[in-house]
Structure formats: C-alpha cells, structure tokens
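Let me begin by presenting the structure, written as structure tokens, before commenting on it.
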Amino acid sequence: MDAPVGLVRALIPVTAHITARVPARHPSTAILGTGRMGSGVVVDPAGLVLTVNYVVIGARRLQVTFPDGRRVAASVAAQDFESGLALLRARIAGLPVAVPGSFEDLSAGAPVFVIAATGPRERRVAGGVVTYLGEFDAHWEYLLDRGIMTTCPNPGFGGGPLFDMRGRVVGITSLNLNEVGRHSFAIPVEYFTLHRADLVRFGRVVSRPRRAWIGFFPHPVEEGLMVAGVVPRSPAERGGLKEGDLILSVDDTAVETRRGLYEALWRHRPGERVCFDVMRENAVRRVDIVSEDRAEFYRLEADASGTAPAGEDAEGGEDGPGTRR
Numbered sequence: 003m004d005a006p007v008g009l010v011r012a013l014i015p016v017t018a019h020i021t022a023r024v025p026a027r028h029p030s031t032a033i034l035g036t037g038r039m040g041s042g043v044v045v046d047p048a049g050l051v052l053t054v055n056y057v058v059i060g061a062r063r064l065q066v067t068f069p070d071g072r073r074v075a076a077s078v079a080a081q082d083f084e085s086g087l088a089l090l091r092a093r094i095a096g097l098p099v100a101v102p103g104s105f106e107d108l109s110a111g112a113p114v115f116v117i118a119a120t121g122p123r124e125r126r127v128a129g130g131v132v133t134y135l136g137e138f139d140a141h142w143e144y145l146l147d148r149g150i151m152t153t154c155p156n157p158g159f160g161g162g163p164l165f166d167m168r169g170r171v172v173g174i175t176s177l178n179l180n181e182v183g184r185h186s187f188a189i190p191v192e193y194f195t196l197h198r199a200d201l202v203r204f205g206r207v208v209s210r211p212r213r214a215w216i217g218f219f220p221h222p223v224e225e226g227l228m229v230a231g232v233v234p235r236s237p238a239e240r241g242g243l244k245e246g247d248l249i250l251s252v253d254d255t256a257v258e259t260r261r262g263l264y265e266a267l268w269r270h271r272p273g274e275r276v277c278f279d280v281m282r283e284n285a286v287r288r289v290d291i292v293s294e295d296r297a298e299f300y301r302l303e304a305d306a307s308g309t310a311p312a313g314e315d316a317e318g319g320e321d322g323p324g325t326r327r
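In this text, residue positions in the sequence shown follow the working numbering: the first is 3, and each later residue adds one.
Written out as structure tokens, the structure is:
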C-alpha cells in the first residue's frame, strides 16, 4: 500500500543520511567494508539520530546529512549490540523529531512504509504490509523476541525508519537478509524507547545482564548447526573454533537450533569459559573458549586500529562506497 504523499512529505525532514569511515584493520570491515552509508531518523531535537549499529561499528569519521542539505559531523552516542541499534549525536540542534509508535499496535496485514536515504539529500519511499511479528534470530549471535517482517523492499541504505499510516516510527530497517527472503526486517522501535535513558546516559543498556560473546557465525544445515565463519581476533578464533565445524553441544548439552545455541551461550557472562563439542574431519573435538563482552571487544579493536572518536576530523571527509542493503 502506498503512503499518502502529504504524510511522506511531512516525514522526510526527520530522516538522515549517514556516512561512516572505518579503519581497514577493524574486524568489522571483513564483512561490512571500510566505507559505509546508512539511513537514520531524528529522535531528539538536540541532534540524536537512531540507526542500525552495523553502519557505525568501528567508525573513525561520521557525517550526517539532512534533507535540506545541512551536513554535520557526528559521534556515536550509544550502541546496543543485542538489539542492533545505534544512537548518533549530530552537532546540530533544533531538528524536527519523529514520533515513536508501538509494536503492540501492529498486526499482520497492517500497512506500513519505509523512508530510506539513497544519497545525502535523496530519499526513497517503499510501502507494504506487515507479514510477521515475532521472534527473529540471525547468524551473528543475534536473537530478538520481537521482530517485524514486511513486504516493503528496502529502497535505500539500512537504518531507515519504518512508519505506520499515522506517521509514527514503529521500527528501524535492518539488513536485507537472505534468510528473510523477499521480505524485509525491521527492529521494533521499543528496543530504543524502553532503554533510552540507559543509552543516553551510559552509551549502552546497563539494566539487563551482559551476555557472553565469542564471535562466530552459526548457520543451520541438514546435520545441525555449522560454523560459517569467525570474527578476526575474536574469542572463537583464539579458542580454535574453525569454519566448517559442526556444533554438537555446548557445556555437554546438545543444541539443535540457533535459539538453543544462543541461550546456552548466554547463560554465561563475559569472561566465563564456554565448552563446545564439534565434529571436525570426522572426529569429535572439544573447544574451550573464554568469552568476552562484544561491545568491549569492538571498542578495544577500534582503539587498536587507530580509530579516533567518531566525528573527529569529519568535516570534508570523503563519502565511502556505501552498500545498498
């Protein structure tokens, strides 16, 4: 379903285009590259912009451009690796702000639309309907109890707001994933609104237990769950987990689904040892891995790769080759 033209025009000013530059040595560049572009939505008139975290992981320089052409430096104000959201602080004030909606007000078949940036001043709109509301898991140690699937094709860069027909933001578009098929996936805006105080004050969510993280990519296959890859220099790589390993159990408990695997891993806190039994070259092997805090890992890697605080020296920086998501 197409959104009313007047409604779309009224909402375009709350959107933003994001450019990020990331040092080549940062581990996120193996998948996401060094030059990234994203979309975002203004959630505070003082310059807070909500987007997806993958756009800004490890960013050395950030720029945000608004539809009227104003381009300003920005910094990462908060990251929530569990939800996949990030909050930027653009050096500007007096911005128009989006109104948050609610996951609870959505239902299958409800019309929605996405506004995404395709360039610094260019925006595109795509409409569709909600097709699924519920649990969503993915291969980067990611599991949401609530996720939104829609028929809206993502018309631009990831991080654009998903609106209901009243013009309220109900989600933030994430990557177009093969696992989603022709549907697109959005993170419910509640993952920001419910934790806003933590994110603004501490830069992360501190009101929930920290999760163990090892840095691997498990994929479902006919035989179970296979390691499709590991993050460079991650606990998984250091502990000896290898691409192609078939995961049999965690802490001597068999795991058959990705949710079950993640729940077994997240019974641990960062710094605790996690024991994997895997099938490798027709032999069962035990791999002991000392887990870490994902946010801390990427922060330290950013420091090691020479990453200055995001937003420094951003004025006049070149736009990187963004990836359409």
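The beta carbon of each residue, even a glycine, is placed where N, CA and C say it ideally should be.
Predicted model only: the values in this text are computed from it and were never measured.
Helix, strand or coil for A92, going by three-state DSSP, please let me know. As a working note, residue 92 is residue 90 in the sequence shown. Strand.
W142: which of M281, R261, A5 sits nearest, CA to CA? One-based indexing of the sequence shown puts residue 142 at position 140. That would be R261, whose Cα lies nearest to the Cα of W142.
8 Å Cβ cutoff met for P237 and V292: If you number the sequence shown from 1, residue 237 lands on position 235. If you number the sequence shown from 1, residue 292 lands on position 290. Their beta carbons are under 8 Å apart, which means P237 touches V292 by this criterion.
Would you tell me roughly how many angstroms separate the C-alpha atoms of E317 and S251, rounded to the nearest one? What you label residue 317 is simply residue 315 of the sequence shown in a count that begins at 1. What you label residue 251 is simply residue 249 of the sequence shown in a count that begins at 1. Bear in mind that the predicted position of E317 carries a pLDDT of just 37, short of 50, making it unreliable; the figure below should be weighed with that in mind. So the alpha carbons of these two residues sit roughly 50 Å apart.
In the DSSP assignment, find the beta strand (DSSP E) that holds F219 and state where it starts and stops. Numbered from 1 along the sequence shown, position 217 holds the residue referred to as residue 219. Its beta strand (DSSP E) spans residues 218–223.
D305 in three-state terms, based on DSSP: Sequence index remark: in the sequence shown, residue 305 carries index 303 (1-based). DSSP places D305 in helix when its eight states are reduced to three.
Boundaries of the beta strand (DSSP E) in which A76 is found, first to last residue: Taking the sequence shown and counting its residues from 1, one reaches residue 76 at position 74. Its beta strand (DSSP E) spans residues 73–82.
Rank S104, G161, D82, E84 by C-alpha distance to the C-alpha of T120 and give the top, closest one. Within the sequence shown, numbered from 1, the residue matching residue 120 stands at position 118. Ranking S104, G161, D82, E84 by Cα distance to T120 puts G161 first.
Quick one: measure Cβ to Cβ for G330 and R148, integer angstroms, because I've assumed they're closer than 8 Å. Because the chain here runs from 3 to 327, residue 330 falls outside it and cannot be looked at.
At what residue ranges does the stretch 251–289 contain a whole run of the alpha helix (DSSP H), taking only runs of 4 or more? 260–267
Leaving out five residues before and five after G324 in sequence, what residues of the same chain have Cβ atoms less than 7 Å from its Cβ? Within the sequence shown, numbered from 1, the residue matching residue 324 stands at position 322. Confidence at G324 is low in this model, with a pLDDT of 36, below 50, so the placement of that residue is unreliable and no value is reported for it.
Between the stretch 57–67 and the stretch 90–102, are three or more C-beta pairs nearer than 8 Å? yes
Rounded to whole angstroms, what is the Cα-Cα separation between P234 and T133? Residue 234 sits at position 232 when you count from the first residue of the sequence shown. Residue 133 sits at position 131 when you count from the first residue of the sequence shown. If you take the alpha carbons of P234 and T133, they lie about 36 Å apart.
Straight-line CA distance for V276 to L267? What you label residue 276 is simply residue 274 of the sequence shown in a count that begins at 1. What you label residue 267 is simply residue 265 of the sequence shown in a count that begins at 1. About 7 Å.
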